[in-house]
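Have a look at the structure below before the remarks.
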Amino acid sequence: EKLSFLETARRLSLPPSTIANWVKAHKAGKLGDIGKTHRPLTEIEMKLARTKKELAEVKMERDILKKAAAYFARESLPGTR
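Residue 435 is where the sequence shown starts when you use the numbering used here, and the numbers rise one by one after that.
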C-alpha cells in the first residue's frame with residue numbers, strides 16, 4: 435500500500451519531514467545510519483513526548499468545542515436563523 439508522506443506521518447504520529455528524511459536516506463542507501471549518533475530516549479523523555487502529544491490533542495478538541503459552542507449560541511439567538 436502506497437501512502438503519502440502526510441498520511442504516513444499522521445498514522446505514525448510523526449512530522450512529515452521525518453518521513454521525508456527517512457525516504458531520502460533510504461534512496462541514498464544510508465537508512466541504517468539514521469539515529470546512530472543519537473542516544474536512546476530515557477523513560478522520562480518518552481513520557482514527556484507522550485504528554486505533549488496528548489496536550490496538543492486536548493487543546494485541539496477544546497478549540498473545536500469553543501467554535502461549536504459559539505456557533506450554536508449564535509443559532510439560538512432570535513433573528514439569526
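Cβ coordinates follow ideal geometry from the N, Cα and C atoms, glycine included.
Residues near residue i by beta carbon distance below 7 Å, same chain, minus five either side
| i | result |
| --- | --- |
| A454 | F439 |
Beta-carbon separation (whole angstroms), residue i vs residue j, contact threshold 8 Å
| i | j | result |
| --- | --- | --- |
| I468 | A459 | 5 Å |
Residues near residue i in its chain [Cβ-Cβ closer than 8 Å; skip 5 each side]
| i | result |
| --- | --- |
| K487 | S447 |
| R445 | L437 |
Residues near residue i in its chain [Cβ-Cβ closer than 6 Å; skip 5 each side]
| i | result |
| --- | --- |
| R473 | none |
| A504 | none |
Simplified DSSP assignment, three categories, for residue i
| i | result |
| --- | --- |
| I453 | helix |
| G513 | coil |
| E441 | helix |
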